[in-house]
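Colleague:
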Amino acid sequence: MLTCKSFHSCIASKERLLMDYKETLLLPQTDFPMRGNLPQNEPLRYAKWFSKEESAYAKMIQNRENAPKTFILHDGPPYANGHIHIGHALNKILKDVIVKTHYFFGEKVRYVPGWDCHGLPIEQQVEKNLGKEKKDALPKSKIRELCREHARKFIDIQREEFKSLGVIGDWENPYMTMKFKFEADIYRALCGVADKGLLVERSKPVYWSWAARSALAEAEVEYEDKEDYSIFVAFALGDEAKSRLEITGDASVIIWTTTPWTLPANVGISFSPDENYVLTSDGYIVAEPLHVKLLEQGVIAGEVVKTFKASVLENSFAINPLNDRSSQLILGNHVTMDGGSGCVHTAPGHGDDDYKVGLRYGLEVVMPVDERGCYDETVVHLGLLPNPESFVGEHIFKCNERILELLGDRLLKCSKFTHSYPFCWRTHQPVIYRATKQWFVAMDEAVGGRESLRKMAMDELQKVRFYPKSGINRLGSMIENRPDWCISRQRDWGVPIAFFRDKRTGKPIFDAKVVEHIASIFEEKGADAWWDLEIAELLVEDSGYNPENLEKVMDILDVWFDSGSTWKAVLQSNDYDAGEYPASMYLEGSDQHRGWFQSSLLVSTANNGIAPYAKILTHGFTVDEKGEKMSKSKGNVVAPSDVAKQYGVEILRLWVGTSEYTTDLKISDNILKQISEQYRKIRNTFRFLLANVNDLETVMPIAQMGELDKWILKHAKAVFDEAQGYFREYEFSKGFALLNHFIAVELSGIYLDISKDRLYCNAKHDSLRLSAQSAMALIAEKLMALMAPTLTYTIDEMMEYAPSILKKESVFDVVYSVLPTIESSFDEAYMVEAREKFFEIVDNLKKEKVIKSTLELVLQTKSSKISALEKVDAEDWFTVSKVIEHDEAGEMGVFEVAGDSFKILKASKCKCPRCWKYRSKSEEELCHRCNEALHG
RNA sequence: UGUCUCGUAGUUUAAUAGGUUAAAACGGACCCCUUAUAAGGGUUUAAUUUGGGUUCAAUCCCCGGCGGGACGACCA
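Just so we're aligned, residue 0 is where the first sequence starts under numbering that gives the first Met the number 0, counting upward by one.
(1) Under 7 angstroms, do Phe560 and Ile681 count as touching if we go by C-beta distance?
(2) So which of Glu122, Ile156, His101 has the shortest CA-CA distance to His82?
(3) With DSSP collapsed to three states, give me the class of Glu14.
(4) Excluding sequence positions up to five away, which residues of its chain have a Cβ less than 7 angstroms from the Cβ of Met0?
(5) So, are the CB atoms of Val831 and Leu858 less than 7 angstroms apart?
(6) Flag this pair as yes or no: are the beta carbons of Val111 and Phe70 separated by less than 7 angstroms?
(7) Could you check if Ser242 is buried or exposed, using at least 16 other CB atoms within 10 Å of its CB as the buried criterion?
(8) Taking the C-alpha atoms as reference points, what is the distance between Phe6 and Cys926?
(9) Determine contact between the region 139-158 and the region 523-538, defined as no fewer than three beta-carbon pairs at a distance below 8 angstroms.
(10) Report the three-state DSSP secondary structure of Leu244 (helix, strand or coil).
(11) Suppose contacts are defined by Cβ-Cβ distances below 7 angstroms. Is Trp260 in contact with Asn386 by that definition?
(12) Can you tell me which of the three DSSP states Cys3 falls into?
(13) Comparing alpha-carbon positions, which option in Gly338, Ala787, Ala317, Ser310 lies nearest Lys292?
(14) Ordered along the chain, which non-local residues of its own chain (more than five positions away) have a Cβ less than 7 angstroms from that of Glu274?
(15) Which word fits Lys99, buried or exposed, when buried means at least 16 other C-beta atoms lie within 10 angstroms of its C-beta?
(16) What residue from Val304, Val430, Ala317, Lys162 has the CA that sits closest to Trp209's CA?
(17) Looking at the unbroken beta strand (DSSP E) that takes in Gln437, where does it start and where does it end?
(18) Within the same chain, show all residues whose beta-carbon is closer than 6 angstroms to that of Thr417, passing over the 5 residues directly before and after it, in chain order.
(19) Where Glu459 and Lys614 are concerned, what is the direct C-alpha to C-alpha distance, given to the nearest angstrom?
(20) Leaving aside the five residues before and after Thr604 along the sequence, list all residues of the same chain whose C-beta is less than 8 angstroms from its C-beta, in chain order.
(21) Let me make sure I understand the geometry here. Which of Glu148, Ser229, Lys468 has the alpha-carbon closest to that of Lys412?
(22) Buried or exposed, going by whether 16 or more other CB atoms sit within 10 Å of the CB of Lys162?
(23) My output table needs one value for Arg324: the three-state DSSP class, helix, strand or coil.
(24) For Trp207, which of helix, strand or coil comes out of DSSP?
(25) Starting from the N-terminal side, write out each stretch of the beta strand (DSSP E) that is 3 residues or longer and does not extend beyond the region 212-238.
(26) Rounded to the nearest angstrom, how far is the Cβ of His117 from that of Val558, given a contact under 8 angstroms?
(27) Could you work out which residue in His87, Lys506, Ile254 is closest to Glu200 when comparing CA atoms only?
(28) Is the region 831-846 in contact with the region 884-899, if contact means three or more CB pairs nearer than 8 angstroms?
(29) Can you name, in chain order, every residue of its own chain whose Cβ lies under 8 angstroms from the Cβ of Val698, other than the five neighbours on each side?
(30) Run the CB neighbour count on Met366, radius 10 Å, all protein chains shown included, and call it buried at 16 or more, exposed below.
(31) Less than 7 angstroms separating the beta-carbons of Ile711 and Tyr678?
(32) Determine the direct distance from the alpha carbon of Gln28 to that of Cys909, and round the result to whole angstroms.
(33) Quick check on the DSSP output: what are the complete alpha helix (DSSP H) runs of length 4 or more inside the region 821-907, in order along the chain?
(34) Count Cβ pairs between the region 473-488 and the region 620-636 that sit closer than 8 angstroms; are there 3 or more?
(35) Please confirm whether Leu556 and Leu586 have their CB atoms less than 7 angstroms apart.
(36) Excluding the 5 residues flanking Glu922 on each side, which residues of the same chain have their C-beta closer than 7 angstroms to its C-beta?
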């Protein structure tokens with residue numbers, strides 16, 4: 000009983016003793032919470048940033064009013080339809096990080112977000128809600144009003160979603176391509192193109208639903224099985240062609256088609272430039288690889304008498320057996336050997352490939368079909384069929400049989416087969432390709448003393464900086480190879496190609512006075528006015544034109560032209576506080592090489608001869624952990640709101656910051672967990688820094704600091720300088736890799752650990768303690784500024800709890816400044832190696848239960864590197880109780896660094912109850928240092 | 001099929017201009033501490049997609065394969 004009692008009292012008194020001394024230590028102190036509770040807390044802070052009273056964006060503008068440099072990020076507009084997905088989140092967060100990077104490096108910044116509002120998907124949504132019949136019955140302006148409402152609704156939704164990601168910008172006054180003034184500016188950009196002589200009209204085939212009497216988008220086409228003819232037709236060679244082949248008798252090219260009704264519009268026959276062609280003994284020309292197959296099918300019967308490349312026939316002629324018109328023999332890469340005869344019936348009015356190859360050879364676009372799908376007067380004018388009058392008004396599908404009859408013995412084989420064919424999604428009738436008049440921006444026209452648009456755009460690209468560099472190849476090859484830009488659409492929801500046409504001549508009117516008057520009407524009433532007002536009302540006074548002779552062009556613009564005009568409507572218009580034209584940077588997903596980057600370049604260059612951007616930055620797409628595309632059916636979709644709810648927006652932002660965004664970005668639960676770990680490490684390291692400098696009043700000059708503190712600052716400077724360089728080049732993952740490494744290895748792993756003794760146990764105003772605190776304050780300050788662009792929320796939260804030495808009103812008052820150059824003779828490589836070797840042995844000692852703490856050890860060495868250090872610095876470096884030069888007994892391990900030997904010994908003194916170093920005379924007595932600290 | 005692009009430990013990223021034994025973090029395994037404690041520290045595990053070529057030397061440059069992605073729309 001007695002022993003038991005004394006045992007308890009002994010423990011109690013020992014605990015009291017420990018507790019008492021713990022009170023005397025200067026332990027880290029802060030209210031900055033270890034855990035962020037991000038999902039709960041972020042929305043509150045964001046609400047403040049986006050409030051009128053404390054607007055973060057307003058503050059950012061105000062704080063940099065007199066900044067010497069300016070950075071303008073011009074926002075590429077997302078489409079105002081649907082909720083945002085992870086790709087949007089990546090895009091907007093990256094923009095936000097880049098804008099803030101420039102901001103925290105001291106520059107003036109502008110970021111005005113915007114939305115793309117016009118276009119088919121919204122129109123389709125409205126039609127779906129309305130029903131097709133109802134839509135057709137409504138006036139255009141009513142439909143447009145419904146589209147406008149739809150867009151507005153999703154702009155509001157997306158705006159809140161973007162703000163919930165902590166993305167800062169001018170959300171109070173964003174741009175929208177459907178605003179009246181904006182529509183007017185898009186139209187003005189179009190007039191600029193016309194004014195330069197680059198706007199031309201030409202026929203081009205489009206999907207046409209004769210049943211709905213409307214052009215269709217690819218999305219409006221459904222594929223169904225359809226039974227069609229499969230026919231082989233012989234076109235006799237002209238004399239020129241025959242002489243090129245050095246033949247005397249008759250010879251014919253065999254074509255294959257499934258649409259006999261397009262034969263009247265035939266103007267050419269395409270051959271493959273690569274394959275061999277053969278002439279058979281029965282006088283037919285087919286591709287060599289198909290010869291046997293055609294024999295088997297009974298299309299031809301003769302053996303090969305001659306083999307040749309089709310290039311010998313290029314630009315000679317065959318004769319269309321239907322109408323005796325010439326059919327030009329040409330070469331085209333679209334010709335394949337997987338069916339038919341290898342000689343392709345070419346009617347540019349009825350096929351896309353045909354149209355493209357026809358452009359190259361300057362073939363005539365013959366298109367004798369009206370909007371109902373019936374032959375029109377063209378068959379008469381051009382004599383496309385025998386007895387043409389009898390075909391006028393007849394539906395094309397009903398004429399197939401008559402045409403087959405007319406072909407007579409030129410029809411070598413006729414059968415029927417079923418294949419997949421495009422159908423109209425509304426009427427479920429088969430669609431056709433039908434050339435209609437379209438508007439184009441000419442790429443190769445050199446008019447008015449200017450180079451062609453293609454050449455100018457290519458030249459401008461050379462001046463643009465691309466991130467990554469490979470972007471220029473992509474955009475460049477697209478500009479180089481793209482055909483003329485077809486900008487007209489037969490739709491309702493868009494900006495009209497608002498030109499008058501003289502009915503008598505068919506010529507459009509581009510007079511400056513006329514078009515500017517229309518633009519000013521749009522500015523006031525919106526582009527709806529084009530549909531709502533009469534020609535006389537739209538025509539400027541004393542225009543010199545008689546409204547009676549005019550008609551309106553009723554096409555609308557390709558929405559790419561809308562977004563291609565944002566540089567004008569946003570940057571040049573003065574309607575927004577958006578910065579200057581050209582912008583510092585355009586930033587979008589890599590799909591925009593063909594989209595916005597290109598359309599903006601073309602519209603801007605056509606108008607003003609310059610690119611609208613100085614830099615282009617592109618990012619990849621988000622994929623799942625296996626690198627596969629996200630899709631609802633795969634169930635691997637990661638929604639930004641879910642990440643925000645489960646992990647917090649900061650985690651999503653850190654994911655952006657640490658990912659290599661030029662390629663595809665992987666995201667998954669597993670990856671987010673990993674990022675969360677990194678965040679935790681960053682947050683806790685900051686917390687420890689704040690807690691340790693909490694009572695620091697002034698920062699000590701670096702020159703007066705202790706050796707260990709100078710070492711970490713010198714190392715920090717190298718890391719921060721390099722990270723800054725990476726951030727300026729937008730290589731965030733590299734910058735973060737450096738910072739994370741520094742935080743984990745040198746800072747938290749070594750420096751903070753070895754500084755604890757000085758910070759906790761030395762007297763409050765002891766210079767070694769102040770020195771360590773000063774180093775920590777400097778590191779915290781720089782680190783906060785470097786991370787502020789990405790972890791804006793966290794740094795802002797930190798500012799609330801920061802001790803006075805680091806405190807700012809908010810994160811937005813932070814500006815990064817570099818650390819000065821620091822002199823230090825500390826041999827880092829040597830010391831780190833020594834530490835590693837030391838801990839390797841220590842680990843074994845611990846596993847063998849020989850020691851529990853390194854403070855139980857003394858290190859013996861004659862190393863000159865160690866003796867050059869202050870004793871206490873050397874002790875702290877290894878976290879041992881003493882470093883000595885003279886040999887002592889009790890060796891527990893040895894190691895060597897660069898020829899210097901180190902010996903690990905057991906400490907002989909007693910554990911100081913306050914600082915736990917083994918330097919006391921007895922377990923109850925304080926060591927010398929602690930005694931001084933408490934009573935000195 | 002064409003144009004462009006990417007491929008490094010299980011995961012996310014490093015490796016100055018082609019140059020020692022390819023680095024770190026997270027994860028895993030093992031251990032210590034309880035004075036950053038829903039923390040901290042240590043030891044350890046593991047990789048250049050594949051086959052050729054150029055070179056004294058290749059993760060890096062060239063060619064071919066395999067695998068991923070973007071673009072080739074009256075889709076944004």
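Backbone N, C-alpha and C fix where the C-beta goes; we use that ideal spot for every residue, glycine too.
Modeller: In brief:
(1) The count along the first sequence starts at 1 and reaches residue 560 at position 561. The count along the first sequence starts at 1 and reaches residue 681 at position 682. Cβ atoms of Phe560 and Ile681: not closer than 7 angstroms.
(2) Here residue 82 refers to the residue found at position 83 when the first sequence is read from its first residue. His82 has its Cα closest to that of Ile156, out of Glu122, Ile156, His101.
(3) Residue numbering aside, residue 14 sits at position 15 when the first sequence is read from its first letter. Low confidence applies here, because Glu14 scores a pLDDT of 48, under 50, leaving its location unreliable; read the following figure in that light. Note: Glu14 maps to helix in three-state DSSP.
(4) As a working note, residue 0 is residue 1 in the first sequence. With a pLDDT of 34 at Met0, under the threshold of 50, the modelled position of that residue is not reliable, and no figure is offered here.
(5) Taking the first sequence and counting its residues from 1, one reaches residue 831 at position 832. Taking the first sequence and counting its residues from 1, one reaches residue 858 at position 859. Against a cut-off of 7 angstroms, the Cβ pair of Leu858 and Val831 comes out as no contact.
(6) Translated into positions along the first sequence, residue 111 becomes position 112. Translated into positions along the first sequence, residue 70 becomes position 71. Cβ atoms of Val111 and Phe70: not closer than 7 angstroms.
(7) For the purposes of this step, residue 242 is taken as residue 243 along the first sequence, with counting starting at 1. Counting Cβ neighbours within 10 Å, Ser242 comes out exposed, since fewer than 16 surround it.
(8) Counted from its first residue, the first sequence places residue 6 at position 7. Counted from its first residue, the first sequence places residue 926 at position 927. Per-residue confidence for Phe6 stands at a pLDDT of 40, beneath the threshold of 50, marking its modelled position as unreliable; the derived number appears in the next sentence. Answer to the nearest angstrom: the Cα atoms are 26 angstroms apart.
(9) yes
(10) For the purposes of this step, residue 244 is identified with residue 245 of the first sequence, where counting begins at 1. Coil.
(11) Here residue 260 refers to the residue found at position 261 of the first sequence. Here residue 386 refers to the residue found at position 387 of the first sequence. No. Outside cutoff.
(12) Walking along the first sequence from the start, residue 3 turns up at place 4. Because Cys3 sits at a pLDDT of 41, beneath the cut-off of 50, its placement in the model cannot be relied upon, and the following sentence gives the value as read from the coordinates. Note: Cys3 maps to helix in three-state DSSP.
(13) Position 293 of the first sequence, counting from 1, holds the residue named residue 292. Here the closest residue by C-alpha is Gly338.
(14) The residue given as residue 274 occupies position 275 in the first sequence. Closer than 7 angstroms at the Cβ level, and outside the excluded window around Glu274, lie Ala286, Glu287, Pro288, Met336, Gly341.
(15) Position 100 of the first sequence, counting from 1, holds the residue named residue 99. Buried, since its Cβ has 16 or more Cβ neighbours within 10 Å.
(16) Position 210 of the first sequence, counted from the start, is the residue given in the question as residue 209. Closest option to Trp209, Cα to Cα, is Val430.
(17) Reading the first sequence from its first residue, position 438 is the one you call residue 437. Taken as a continuous stretch (DSSP letters only), the beta strand (DSSP E) holding Gln437 covers 431-440.
(18) Here residue 417 corresponds to residue number 418 of the first sequence, with the count starting at 1. The residues are Asp224, Glu226.
(19) Position 460 of the first sequence, counted from the first residue, corresponds to residue 459. Position 615 of the first sequence, counted from the first residue, corresponds to residue 614. Whole-angstrom Cα-Cα distance: 12 angstroms.
(20) On the first sequence, residue 604 is found 605 positions in, with the first residue counted as 1. Excluding sequence neighbours, Thr604 sits near Leu452, Met455, Ala456, Glu459, Ala610.
(21) Numbered from 1 along the first sequence, position 413 holds the residue referred to as residue 412. Out of Glu148, Ser229, Lys468, Ser229 has the C-alpha closest to the C-alpha of Lys412.
(22) One-based indexing of the first sequence puts residue 162 at position 163. Buried, by the Cβ-count rule.
(23) Working through the first sequence from its first residue, we reach residue 324 at position 325. Reduced to three states, the DSSP call for Arg324 is coil.
(24) Taking the first sequence and counting its residues from 1, the one referred to as residue 207 is at position 208. Strand.
(25) 220-236
(26) In the first sequence, residue 117 corresponds to position 118, counting from 1. In the first sequence, residue 558 corresponds to position 559, counting from 1. 5 angstroms between Cβ atoms; contact.
(27) What you label residue 200 is simply residue 201 of the first sequence in a count that begins at 1. Checked all of His87, Lys506, Ile254; the closest Cα to Glu200 is Lys506.
(28) yes
(29) Position 699 of the first sequence holds residue 698. Closer than 8 angstroms at the Cβ level, and outside the excluded window around Val698, lie Ser773, Ala776, Leu777, Ile804.
(30) Your numbering for residue 366 matches position 367 in the first sequence. So Met366 counts as buried.
(31) Position 712 of the first sequence, counted from the start, is the residue given in the question as residue 711. Position 679 of the first sequence, counted from the start, is the residue given in the question as residue 678. Going by C-beta atoms, Ile711 is not nearer than 7 angstroms to Tyr678.
(32) In the first sequence, residue 909 corresponds to position 910, counting from 1. In the first sequence, residue 28 corresponds to position 29, counting from 1. Near 29 angstroms, if we compare the C-alpha coordinates of Gln28 and Cys909.
(33) 827-846, 863-866, 870-877
(34) no
(35) Translated into positions along the first sequence, residue 556 becomes position 557. Translated into positions along the first sequence, residue 586 becomes position 587. No, the Cβ-Cβ distance between Leu556 and Leu586 is not below 7 angstroms.
(36) By 1-based counting over the first sequence, the position of residue 922 is 923. Closer than 7 angstroms at Cβ, skipping near neighbours: Cys909, Lys910, Pro912.
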